[in-house]
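To start, the structure itself, in structure tokens.
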Amino acid sequence: MPRQVSKYPTELELQILKTLWRQSPLLAREVQSALAEDGRALAKTSVITTLNTMFRKRYLTRKKQNNTYLFSPRITEEQVNGLVIEDVVDRVFDGSTAAVLLSLFDAKEIQRDELQELRLLIDRRLKETR
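FYI, the numbering used here numbers position 109 of the sequence shown as 109, with every residue one higher than the one before it.
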């Protein structure tokens, strides 16, 4: 039985998207080279297979150039972040945004400037809900 297609990018797909968000369009061999520079050396056939899978999932666009394709991201970093965060909030924290934030405060050291930025965001949201 074929593996179920994930609603979210896999780890490799996310790495490819990050590469393409930094620079695109790229050829498969350029994606392969960028992955190798990031410590993920893969065969060209594996990269091509993954790029074509991502195209079918509508994560990428491709444009024919001679006998190869140039790949570009179709989805933005913000869209992926939103999908993944929403999934984590729903599956891990039973839909509680507060539980996520409290967990983040406990899990990682937060710098003073980051806390000030969070304070501004919270204050703005409070004003919007009045």
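Glycine included, every Cβ here is placed at the ideal spot set by N, Cα and C.
Quick one: measure Cβ to Cβ for residue i and residue j, integer angstroms, because I've assumed they're closer than 8 angstroms.
i	j	result
L51	V31	7 angstroms
Using the Cα positions of residue i and residue j, report the straight-line distance between them to the nearest angstrom.
i	j	result
Q79	L17	12 angstroms
E114	L60	33 angstroms
P73	Q15	12 angstroms
T49	E128	46 angstroms
A43	I122	46 angstroms
I75	R58	8 angstroms
S46	R40	12 angstroms
E77	Q23	13 angstroms
T97	R119	16 angstroms
E117	G82	19 angstroms
R112	R125	20 angstroms
A107	R56	36 angstroms
S33	I110	35 angstroms
Leaving out five residues on either side along the sequence, give the residues of the same chain with a beta carbon under 6 angstroms from the beta carbon of residue i.
i	result
Y69	R62
M54	E13, L60
V100	V89, F93
Count the other C-beta atoms from every protein chain shown that fall within 10 angstroms of the C-beta of residue i, then say buried if there are 16 or more, exposed otherwise.
i	result
L102	exposed
V92	exposed
F105	exposed
L35	buried
A28	buried
Using C-beta distances below 8 angstroms, list every residue in its chain close to residue i, excluding the 5 sequence neighbours before and after it, in chain order.
i	result
L20	L26, V31, L60, F71, S72, P73
D38	Q15, T19
G95	V89
Can you determine whether any heavy atom of the ligand NAP sits closer than 7 angstroms to the C-beta of residue i, and answer yes or no?
i	result
A107	Among the components of this structure there are no ligands whatsoever, and the ligand NAP is therefore not found.
Between the segment 70-87 and the segment 3-22, are three or more C-beta pairs nearer than 8 angstroms?
yes
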